[in-house]
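With our numbering applied, the sequence shown has no gaps in its numbers, which climb one by one up to 156 at the end. We put the CB at the ideal spot given by N, CA and C, even for glycine.
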Amino acid sequence: MMRDSDLDDLFADLRVVRAEAPASLLMRVLEDAELHQPQPVALRAAPAPRRLWSLLAGGGLGGGGVLAGLATATLAGFWIGFAQPLPVTTLTAALWQQETLADDEGLDLVELIPTLDTYLPEG
């Protein structure tokens, strides 16, 4: 029959006995551990900073095709703004419903600081 102290006696006996691993086993374990250690990485020089154009063309905006499209749209906008082709001026006159003004005629009609009063009538 087992007593309550049997387990304690077993642990006490095992504490006294020390199992030593053979030296050859320890050497093999250490050699194997050295093989699996990570090797140090060689230091590399920091990459040179990228220039703005190479950053934009290289993918900052999506690549060279996107950059070419943006340049084309910008040049087209400048051309339309400065040259004012006849279809554009006709369209502008139709939308704004204005007639050409003389140099000093009708400049008092231009409201430089517009407000929302015209859109919010009272009453």
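Cα-Cα separation, residue i to residue j
i	j	result
I113	R84	31 Å
A116	A104	18 Å
V62	Q70	13 Å
L153	A109	37 Å
W86	A78	23 Å
S57	E67	15 Å
A54	P80	51 Å
V50	P73	42 Å
E155	T148	14 Å
G102	F111	14 Å
M34	A52	30 Å
G95	D150	44 Å
G97	P118	30 Å
D41	L59	31 Å
Element boundaries [alpha helix (DSSP H), containing residue i]
i	result
A104	97 to 116
R48	38 to 49
R83	Run containing R83: none; DSSP gives neither H nor E here.
M60	56 to 68
Cβ neighbours of residue i in the same chain (closer than 7 Å, five flanking residues each side left out)
i	result
S38	none
T125	none
Same chain, Cβ closer than 8 Å to residue i, neighbours up to 5 away in sequence not counted
i	result
V121	I113
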